[in-house]
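Residue numbers (this note's numbering): 12 to 528. By construction, the Cβ of each residue, glycine as well, lies at the ideal position given by its N, Cα and C atoms. In this text, all values refer to a predicted model and were calculated from it rather than measured experimentally.
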C-alpha cells in the first residue's frame, strides 16, 4: 500500500510540475492592434506560401493563415504565390522562385518547407507552422533554456504538444500504468525530443519506461532488396574471377577494423554510448551532435520493475508446480511464452526451486534472449516483446511510424496494452490521442505575419508561439475502448464522431477591425 501511495503521489507531483512548467513557459505577446489599411493605401504585400506536402493538415493550416491575412490586412492588399513540395518541385527551387519574385514574406508549412526557406534566405521574413521543434530544425544551440527567439529571420507557431497533457493522457488511458514503451524510428529527432521530455516526467512519477527503436517496413523491404542485389553481383563477380586472382592471398574485409566499425560497435546494446560533444549538455544539443551514437534507453526504474515482474511469474510457476500431476503440457498451457528448454528445466528442478532462485533464472534467461533486428527478429516480434513488458505504448506527435502504426496497435490490442498518441493522424489507430485544430495554428501565424508586414516588427524578436493546453481535445477510439471494456469521462470525445462533425476554425477567435491580440 505504501508503494502505491508513493507512486500516486509521484504522479500527482509530476503532473503539477508539468502544468507549472507549461504555465511558466508562456509569456503574453505584445498587444497588437490590427488596424485596417486606409482606403487610399495602395500597398500590396507579396507572400510566398510553401507546403511540405499535399494533405488536409497543411491545407487547413494554410486556410487559417490566409484568413488571418484577409481579416487583418485585407484581400485587396495581398498577392499570394502558393506552391507544394513534391517529386517535381523541390523546396529549394520553390523558395528561389519566391525570392526572384521579391516576396515580402514566406509562409512555410511543415519541416521540409521551413528547412528549404531558411536555407534560401537570411533576410526575407519567414513565418512557419507545423514544426514540432524549431530549435533542432534551425540548428539553434542554447547553453540554457531556449528563449524561443530564433535570432534570425524566422518565427512561427510550434505544433509541439503540451507534455503535461501527454502524461495525464497516459495515466487516464491506463488503469494500471506499470511501464511505458516509447516507440520511434532512428533519425526521427522530433520523436526523440518529445520522448526524452516525457521521460523526465515519467521519472518524476516513478513510472518505468523503455524506448523501442523500430525500422519502417518500407526501409526493411528496401534493405532486403539491396542485400539480394549485392548477393547476385557477388556471385557474378565470383564467376569472373581469374585463376591468378584466386592464387593471391585475399584480404579479408571483416579482418579490418575501420572507424565506422568502432562507431557501429559503440551503438550495440550494452555498450557505453554516453558520447557527448564538449559543452553540449541539453537534449537539443545532443540531437544536433553528429559525433554521438544514440541507442534506445531505459529508465533507472526499469531493472527493478522487470525483477519484480519476474518474481511475480516465479510465484505463479511455483504454485502450478505444487500440483503433483503438473507436466509439460500443463506448464505450456499456463505459460505459453516459455520455451521447451525452460519447461524441461522447471520439471527437472521442481523440488529444488525457490522464489529467489527461479526469479534469478528468469532474469538470466531474458538477458540472454535479446530481441532485435540484428538477431534476425521482425518488427512483429519486437512489438510482441514490448507488449509483454509494458502496459502502455506512446507515439509522439508527428511520428514517422505512421505507415506501420496499424500493425503495431493490432498487436497492442491483442495484449491489452493501451496506445496513446500525440496527434490525431496516428490517433485514428490508437486508444486515445490529442487533437489540435491546424486552422487555429495557421491563423495565429497569420497574425504574426501582420505584425511583421504592417507593424514592421523583426521576426528575430517575435517569440515562437507555444501550444495552449486548453486548445487540445482529448479523443478516444470507441472500437478499441469496447475491446478493452473501458469507458471514458465526458472530458473525452469519441474520435470519429468528433472529427466527422467538427469544422476547422470553429473555436478560433477571428480578428475584426481594430481588434487586439
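Margin query: Among the candidates 508, 486 and 411, whose CA atom is the shortest distance from the CA of residue 500?
Written below: Walking along the chain shown from the start, residue 500 turns up at place 489. Considering only alpha carbons, the answer is 486.
Notebook entry, point to check: Cβ of residue 365 less than 8 Å from any chain B Cβ?
Noted result: No chain B is part of this structure, which consists of one protein chain only.
Item checked: Three-pair Cβ contact test at 8 Å for the region 407 to 414 versus the region 188 to 198 -> yes
Checklist line | Cα-Cα separation between residue 140 and residue 168, rounded to whole angstroms | finding: Working through the chain shown from its first residue, we reach residue 140 at position 129. Working through the chain shown from its first residue, we reach residue 168 at position 157. Rounded to whole angstroms, residue 140 to residue 168 spans 5 Å at the Cα level.
Margin query: Between 458, 488 and 388, which has its C-alpha nearest residue 507's C-alpha?
Written below: Stepping through the chain shown from its first residue, residue 507 is reached at position 496. Residue 488 is the option with its Cα nearest to residue 507.
Margin query: Taking the alpha carbon of residue 333 as the reference point, which residue from 348, 344, 364 and 321 has its own alpha carbon closest?
Written below: Taking the chain shown and counting its residues from 1, the one referred to as residue 333 is at position 322. Cα-wise, what sits closest to residue 333 is 364.
Note to self: I'd like to confirm the pairing. Which residues does DSSP put opposite residue 120 in its beta bridges?
What the structure shows: Working through the chain shown from its first residue, we reach residue 120 at position 109. According to DSSP, residue 120 bridges with 62 and 140.
Checklist line | residue 170 versus residue 68: straight-line alpha-carbon distance, rounded | finding: The sequence position of residue 170 within the chain shown is 159, counting from 1. The sequence position of residue 68 within the chain shown is 57, counting from 1. Answer to the nearest angstrom: the Cα atoms are 12 Å apart.
Margin query: Would the region 100 to 112 count as touching the region 123 to 137 if we require 3 or more Cβ pairs under 8 Å?
Written below: yes
Check: Roughly how many angstroms lie between the CA atoms of residue 214 and residue 349, to the nearest whole one?
Finding: If you number the chain shown from 1, residue 214 lands on position 203. If you number the chain shown from 1, residue 349 lands on position 338. In a straight line, the C-alpha of residue 214 is about 31 Å away from that of residue 349.
Next item on the list: Could you tell me which residues DSSP puts in a beta bridge with residue 168?
Entry: Taking the chain shown and counting its residues from 1, one reaches residue 168 at position 157. Under DSSP, the beta-bridge partners assigned to residue 168 are 476.
Next item on the list: Would you list the residues sitting across from residue 504 in a DSSP beta bridge?
Entry: Indexing the chain shown from 1 puts residue 504 at position 493. Answer is 486.
Margin query: Going by DSSP, what residue range makes up the beta strand (DSSP E) through residue 429?
Written below: Within the chain shown, the letter at position 418 stands for residue 429. Residues 429 to 432.
Checklist line | CB contact flag (residue 206, residue 222, <8 Å) | finding: The residue given as residue 206 occupies position 195 in the chain shown. The residue given as residue 222 occupies position 211 in the chain shown. The answer is yes: Cβ separation under 8 Å.
Item checked: Local conformation of residue 529 per DSSP, three classes -> Lying outside 12 to 528, the shown extent of the chain, residue 529 is not represented and no answer is given.
Margin query: Check whether the region 350 to 370 and the region 308 to 317 touch, using three or more Cβ-Cβ pairs below 8 Å as the test.
Written below: At 8 Å Cβ cutoff, the stretches do not touch.
Next item on the list: Using alpha carbons as the reference points, say which of 150, 324 and 464 lies closest to residue 377.
Entry: On the chain shown, position 366 is the one that residue 377 refers to. Checking every option, the nearest Cα to that of residue 377 belongs to 324.
Item checked: Closest Cα partner of residue 182 within the set 219, 154, 123 and 458 -> Reading the chain shown from its first residue, position 171 is the one you call residue 182. Selected option, being the one with the closest Cα: 219.
Next item on the list: Can you give me the Cβ contacts of residue 400 inside the same chain, cut-off strictly under 6 Å, excluding the 5 residues immediately before and after it?
Entry: For the purposes of this step, residue 400 is taken as the residue at position 389 of the chain shown. Hits under 6 Å: none found.
Item checked: Complete alpha helix (DSSP H) runs within the region 189 to 221 (minimum length 4 residues, chain order) -> 200 to 216
Check: residue 364 by DSSP, collapsed to three states: which one?
Finding: As a first step, residue 364 must be located in the chain shown, where it is residue number 353. Of the three classes helix, strand and coil, the one that applies to residue 364 here is coil, per DSSP.
Check: Which one of 60, 84 and 522 has the shortest CA to CA distance from residue 135?
Finding: Translated into the one-based positions of the chain shown, residue 135 becomes position 124. Cα-wise, what sits closest to residue 135 is 60.
Item checked: Residue range of the alpha helix (DSSP H) that includes residue 341 -> Position 330 of the chain shown holds residue 341. Residues 339 to 345.
Next item on the list: State the Cα-Cα distance for the pair residue 420 and residue 63, rounded to the nearest angstrom.
Entry: Residue numbering aside, residue 420 sits at position 409 when the chain shown is read from its first letter. Residue numbering aside, residue 63 sits at position 52 when the chain shown is read from its first letter. One C-alpha to the other measures close to 27 Å.
Margin query: Suppose the cutoff is 6 Å on Cβ atoms and the five residues either side in sequence are ignored; what does the same chain contact list for residue 155 look like?
Written below: Here the question's residue 155 lines up with position 144 in the chain shown. Excluding positions up to five away in sequence, the list is empty.
Checklist line | Local Cβ density within 10 Å of residue 289, reported as buried at 16 or more and exposed below that | finding: If you number the chain shown from 1, residue 289 lands on position 278. Residue placement at residue 289 cannot be trusted, given a pLDDT of 29 that sits under 50; what the coordinates show is reported in the next sentence. Counting Cβ neighbours within 10 Å, residue 289 comes out exposed, since fewer than 16 surround it.
Next item on the list: Answer yes if the region 402 to 409 comes into contact with the region 429 to 438, meaning at least three C-beta pairs across the two stretches below 8 Å, and no otherwise.
Entry: yes
Checklist line | Exposed unless 16 or more other CB atoms sit within 10 angstroms - verdict on residue 367 | finding: If you number the chain shown from 1, residue 367 lands on position 356. Flag for residue 367 reads exposed.
Notebook entry, point to check: Would the region 379 to 397 and the region 339 to 346 be scored as touching if the rule is three or more Cβ pairs under 8 Å?
Noted result: The region 379 to 397 is not in contact with the region 339 to 346.
Item checked: Straight-line Cα distance separating residue 490 from residue 330 -> Position 319 of the chain shown, counting from 1, holds the residue named residue 330. Position 479 of the chain shown, counting from 1, holds the residue named residue 490. Within the model, the alpha-carbon separation for residue 330 versus residue 490 is close to 37 Å.
Checklist line | Close Cβ partners of residue 483 (< 8 Å) along its chain, the five nearest in sequence each way excluded | finding: Looking up residue 483 in the chain shown gives position 472. Excluding residues within five positions, the ones whose Cβ falls inside 8 Å are 172, 173, 176, 445, 446 and 447.
Note to self: Going by DSSP in three states, residue 54 sits in which element: helix, strand or coil?
What the structure shows: Counting from one through the chain shown, the residue named residue 54 turns up at place 43. Secondary structure of residue 54 (DSSP, three-state): coil.
Check: Rounded to a whole number of angstroms, what is the C-alpha to C-alpha distance between residue 143 and residue 452?
Finding: Translated into positions along the chain shown, residue 143 becomes position 132. Translated into positions along the chain shown, residue 452 becomes position 441. Taking the straight line joining both Cα atoms gives about 12 Å.
Margin query: Quick check on the DSSP output: the beta strand (DSSP E) that includes residue 80 runs from which residue to which?
Written below: The sequence position of residue 80 within the chain shown is 69, counting from 1. Segment 67 to 83 is the alpha helix (DSSP H) holding residue 80; no beta strand (DSSP E) there.
Note to self: Using a Cβ-Cβ cutoff of less than 6 Å, which residues in the same chain neighbour residue 82 once the five nearest sequence positions on both sides are dropped?
What the structure shows: The sequence position of residue 82 within the chain shown is 71, counting from 1. Result list for residue 82: 521 and 522, in chain order.
Notebook entry, point to check: Which ranges would you report for the alpha helix (DSSP H) in the region 383 to 422 if only whole runs of at least 4 residues count?
Noted result: 390 to 400
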